[in-house]
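S.K.: Dumping the structure here so I can ask a few things about it.
Numbering (my numbering), first residue to last: 41 to 891.
Quick look at the structure:
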């Protein structure tokens with residue numbers, strides 16, 4: 041029962057955690073307001089995380105379970121008429137869309153936001169209001185998508201919405217618009233949560249928790265969050281182009297007018313295949329936490345495991361055309377993507393063998409969380425083997441669009457994702473509710489799901505190899521498919537009561553479950569040192585981490601470097617009037633800043649309402665409503681970020697730094713805000729890159745560029761506009777240097793110069809675009825020209841609004857030589873905007889000449 045050489049018995053030991061008298065006062069300070077006001081304004085990570093989990097499970101029951109049951113009943117026997125062909129198309133579209141967009145990822149993001157602060161030794165996520173915004177957009181997006189049923193306009197084009205089927209010619213009603221716009225809102229929320237997770241892991245950890253001491257859970261979710269930014273953004277761009285084709289008459293996907301139907305497939309699968317690993321990697325993180333605890337042994341090959349997570353993250357973006365082997369790509373391209381599809385099995389294999397070695401070296405305790413991880417290993421390995429099979433081009437050409445692929449996908453998602461989700465719920469449920477789920481019901485839950493999954497999805501491989509195509513609502517008898525379809529339906533009928541047992545277990549436990557102590561599993565990570573459930577602020581004194589397994593190796597969590605001990609004790613007693621959290625160095629985890637965390641606010645909800653109003657306005661074709669939504673967003677974001685009077689004077693901040701050796705920024709974190717700005721720039725850059733990819737892809741598809749009868753765009757006016765914007769990029773950094781030196785006059789002069797120069801450049805460029813004789817609905821050239829130009833101008837408009845507010849706040853004396861972090865962040869965004877402007881309009885105006 042050892043956790044490794046020299047370690048205490050992890051099943052019986054939990055280190056002492058100090059609990060100063062200030063704990064109750066801090067608990068009240070960090071609690072969200074009571075009643076309806078608190079429900080609408082709450083930003084605490086436990087509230088947001090639980091909401092994401094519960095809403096994700098609700099959508100699972102609504103779309104993941106009900107739809108699949110009806111589909112399998114329809115296919116249980118040949119030539120059944122339980123549902124119509126149209127309704128069946130709606131069922132499989134809804135089943136795939138809800139599972140991929142509204143269930144798995146929100147549940148994992150809920151895990152992250154709920155668990156990470158406690159696990160990492162932090163009091164909160166870095167942007168609590170952004171976390172609340174991510175939930176509201178996810179909820180509104182899901183409701184907007186599901187509202188299609190109220191109007192009998194349920195999407196029916198599959199969860200990947202291939203064109204031309206999803207285009208205006210073959211889907212002229214609003215069903216596809218519900219799919220694009222409803223799920224688009226949810227995608228915005230996913231990216232917002234990803235930004236929150238990245239900064240929370242990199243910057244808000246316990247002192248001493250270096251990168252090599254981070255739990256594998258944190259590493260997995262860090263990789264997942266970066267992948268979200270890189271994968272979801274191209275999907276948003278692709279959805280924008282598809283909606284422009286449908287609602288504005290552009291020609292991105294019409295081959296007869298210079299478009300390409302394959303452009304949609306490229307943009308979608310740049311998201312779609314990484315999305316599978318975006319779902320799998322956090323599941324790996326959950327399993328990596330549970331196996332060592334229940335075998336009482338440290339994970340074998342920690343550094344190799346981390347490398348495998350990063351490797352999967354990178355490789356997943358090199359195999360999107362794995363789904364396009366049958367569309368006629370050149371042999372060299374097929375070879376590259378086939379090799380990448382096979383290569384990704386290597387880091388996945390590292391993880392499997394790490395777990396097997398850890399289990400072999402330990403002594404398993406067969407509790408429900410561990411059972412689900414073993415089920416995960418068995419089912420996912422089978423799914424991985426069939427995945428290597430379809431990575432082979434000749435085999436894929438035979439199995440493509442058959443039930444073999446359906447069976448493979450469900451083995452990967454059920455084994456690789458659903459089982460870890462259940463394992464994680466059983467594992468962390470006692471920590472955040474204070475009650476243990478019933479073990480007997482848990483085992484029933486596991487065996488029903490494990491048996492049902494294999495009975496349901498294993499026969500699909502065989503019937504697929506026998507030629508049964510996917511997405512058919514019925515089939516003729518006498519083809520040998522009957523028995524396999526009946527067995528699959530029986531499997532689903534076993535899964536349904538398994539889910540029912542889980543739901544009953546949760547409700548029963550919440551009402552009269554067995555109380556849980558702080559560490560019922562004898563786990564090794566920090567969250568298990570806290571009471572069950574934790575207090576609102578999680579940690580009164582930040583723990584000091586000296587080990588990768590602090591609860592197995594450390595007698596106390598407040599012992600270590602004397603300076604760190606002095607610091608954490610001080611933070612446990614002060615401040616008591618505002619929410620304070622610690623920022624650490626990314627690599628060494630030394631405290632580098634104490635900052636004020638944002639309070640509850642209504643503005644994340646208002647901002648989310650503005651976002652959904654824009655999408656809803658396009659859905660109902662009341663486009664003036666989109667302008668209203670944009671104004672709501674601008675006003676809400678300004679109010680969201682409105683400077684508040686700092687609760688400390690600069691002299692008091694200096695006194696704290698002299699005493700504890702860590703600077704205080706009571707007006708807000710300089711480091712966290714900088715990280716957020718850099719990730720915002722990354723998001724804009726990825727979106728811009730997706731549009732550039734679309735431009736050059738369409739260029740390669742068209743021998744004549746611009747289109748026939750369209751001349752090259754004139755360079756003079758655009759060159760002057762680009763020069764003005766480029767020169768303005770020096771203005772804001774100049775202003776930043778001036779205010780840092782105390783020169784307020786030079787500071788204001790730099791701001792005004794940047795504002796005037798960029799404003800003039802934007803006005804000049806807009807005038808030029810209006811005068812161009814290029815129609816944006818006649819040919820794909822005009823469509824991509826104006827869309828790319830519009831994107832660049834929107835980015836510039838956002839920068840101008842930011843700078844205008846900085847000028848306004850500067851006129852009110854908000855900034856001083858000590859407190860001017862927003863200036864630096866605006867300067868970074870401004871420079872990025874100028875680069876995007878020059879590259880974007882350089883591509884549009886010089887592209888036809890150079891290519």
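In this text, a Cβ means the ideal position worked out from N, Cα and C, and glycines have one as well.
Keep in mind that this is a model prediction, so the values were computed, not measured.
Tell whether a beta-carbon distance below 7 Å holds between residue 542 and residue 494.
M.R.: Not closer than 7 Å, so no.
S.K.: Out of curiosity, what's the CA-to-CA distance linking residue 137 and residue 194?
M.R.: Approximately 12 Å between the Cα atoms of the pair.
S.K.: Is it right to say residue 682 is buried, meaning 16 or more other beta carbons lie within 10 angstroms of its own, or is it exposed?
M.R.: With fewer than 16 Cβ atoms within 10 Å of its Cβ, residue 682 is classed as exposed.
S.K.: Decide if the region 281 to 288 is in contact with the region 236 to 248; the criterion is three or more beta carbon pairs, one per stretch, under 8 Å apart.
M.R.: Taking 8 Å as the limit for Cβ pairs, the verdict is that the region 236 to 248 does not touch the region 281 to 288.
S.K.: Got a sec, what are the start and stop residues for the beta strand (DSSP E) residue 631 sits in?
M.R.: Element bounds for residue 631: 631 to 636.
S.K.: Can you give me the start and stop residues for the alpha helix (DSSP H) that residue 761 sits inside?
M.R.: Unbroken alpha helix (DSSP H) run through residue 761: 756 to 768.
S.K.: Roughly how many angstroms lie between the CA atoms of residue 375 and residue 444, to the nearest whole one?
M.R.: About 22 Å.
S.K.: Looking at the unbroken alpha helix (DSSP H) that takes in residue 829, where does it start and where does it end?
M.R.: Run containing residue 829: 820 to 851, per the alpha helix (DSSP H) assignment.
S.K.: Tell me, which residues are paired with residue 509 by DSSP?
M.R.: Paired residue(s): 442.
S.K.: Determine the closest residue to residue 61 out of 613, 357, 692, with distance taken between C-alpha atoms.
M.R.: Closest by alpha carbon: 613.
S.K.: Would residue 545 and residue 488 be called neighbours here (beta carbons separated by less than 7 Å)?
M.R.: No, the Cβ-Cβ distance between residue 545 and residue 488 is not below 7 Å.
S.K.: Using only alpha-carbon positions, find the residue among 440, 819, 735 that is nearest to residue 307.
M.R.: It is 735.
S.K.: Consider the Cβ of residue 139: report whether some Cβ of chain D lies at a distance smaller than 7 Å.
M.R.: The displayed structure is made up of one protein chain only, and chain D is not part of it.
S.K.: Based on the DSSP secondary-structure assignment, which residues constitute the bridge partners of residue 742?
M.R.: Note: residue 742 sits in no beta bridge, so no partner.
S.K.: Taking the alpha-carbon of residue 325 as reference, which of 334, 729, 392, 256 has the nearest alpha-carbon?
M.R.: Of the candidates 334, 729, 392, 256, the one whose C-alpha sits nearest the C-alpha of residue 325 is 256.
S.K.: Mark residue 606 as exposed unless 16 or more other C-beta atoms lie within 10 angstroms of its C-beta, in which case mark it buried.
M.R.: Looking at its Cβ environment, which holds fewer than 16 other Cβ atoms inside 10 Å, residue 606 is exposed.
S.K.: Would you check if there are 3 or more beta carbon pairs closer than 8 Å linking the region 837 to 849 to the region 792 to 811?
M.R.: Touching, per the Cβ criterion.
S.K.: Who are the Cβ neighbours of residue 140 in its own chain at under 7 Å, not counting the five residues just before and after it?
M.R.: Counting only Cβ-Cβ distances below 7 Å, and skipping sequence neighbours, we find 199, 315.
S.K.: What's the C-alpha gap between residue 634 and residue 270?
M.R.: Going by the C-alpha atoms only, they are around 30 Å apart.
S.K.: Can you tell me whether residue 177 is buried or exposed, with buried defined as 16 or more other CB within 10 angstroms of its CB?
M.R.: Flag for residue 177 reads buried.
S.K.: Using a 10 Å radius around the Cβ and a threshold of 16 neighbouring Cβ atoms, would you call residue 185 buried or exposed?
M.R.: Under this definition residue 185 is a buried residue.
S.K.: Determine the DSSP secondary structure at residue 64, reduced to helix, strand or coil.
M.R.: Residue state, collapsed to three classes: helix.
S.K.: Using 7 Å as the threshold, is the C-beta distance between residue 514 and residue 463 below it?
M.R.: No.
S.K.: Pull up the DSSP beta-bridge partners for residue 620, would you.
M.R.: According to DSSP, residue 620 bridges with 636.
S.K.: Using only alpha-carbon positions, find the residue among 345, 278, 864 that is nearest to residue 728.
M.R.: Minimum Cα distance to residue 728 is reached at 278.
S.K.: With contact counted as at least three CB pairs below 8 Å, one residue from each stretch, are the region 63 to 78 and the region 582 to 602 in contact?
M.R.: Counting Cβ pairs under 8 Å, fewer than three are found: no touch.
S.K.: Kindly list the residues whose CB is nearer than 8 Å to the CB of residue 680, restricted to its own chain and excluding five residues on each side of it in sequence; keep chain order.
M.R.: Excluding sequence neighbours, residue 680 sits near 169, 641, 643, 644, 647.
S.K.: Can you tell me whether residue 467 is buried or exposed, with buried defined as 16 or more other CB within 10 angstroms of its CB?
M.R.: Residue 467 should be labelled buried.
S.K.: Whole angstroms is fine: what's the gap from residue 44's alpha carbon to residue 338's?
M.R.: Only weak support exists for where residue 44 lies, its pLDDT of 41 falling under 50; the coordinates are left without a value.
S.K.: Just how far apart, CA to CA, sit residue 197 and residue 90?
M.R.: Those two C-alpha atoms are separated by around 32 Å.
S.K.: Counting beta carbon pairs with one atom in the region 424 to 440 and one in the region 393 to 401, are three or more of them shorter than 8 Å?
M.R.: No contact exists between the region 393 to 401 and the region 424 to 440.
S.K.: For residue 249, which of 856, 631, 216 has the nearest alpha-carbon?
M.R.: Residue 249 has its Cα closest to that of 631, out of 856, 631, 216.
S.K.: Can you have a look at residue 46 and say buried or exposed, based on whether 16 or more other CB atoms are within 10 angstroms of its CB?
M.R.: At residue 46, the pLDDT of 37 sits below 50, so the modelled position is not reliable; the number obtained from the coordinates is stated separately. Exposed, by the Cβ-count rule.
S.K.: I think residue 821 touches residue 758, with their Cβ atoms under 8 Å apart; what is that distance to the nearest whole Å?
M.R.: Not really, about 16 Å apart at Cβ, beyond 8 Å.
S.K.: Would you give the residue range spanned by the alpha helix (DSSP H) that residue 125 belongs to?
M.R.: Residue 125 -> alpha helix (DSSP H) spans 125 to 137.
S.K.: To the nearest angstrom, report how far apart residue 290 and residue 885 are at their CA atoms.
M.R.: Cα-Cα distance, rounded: 20 Å.
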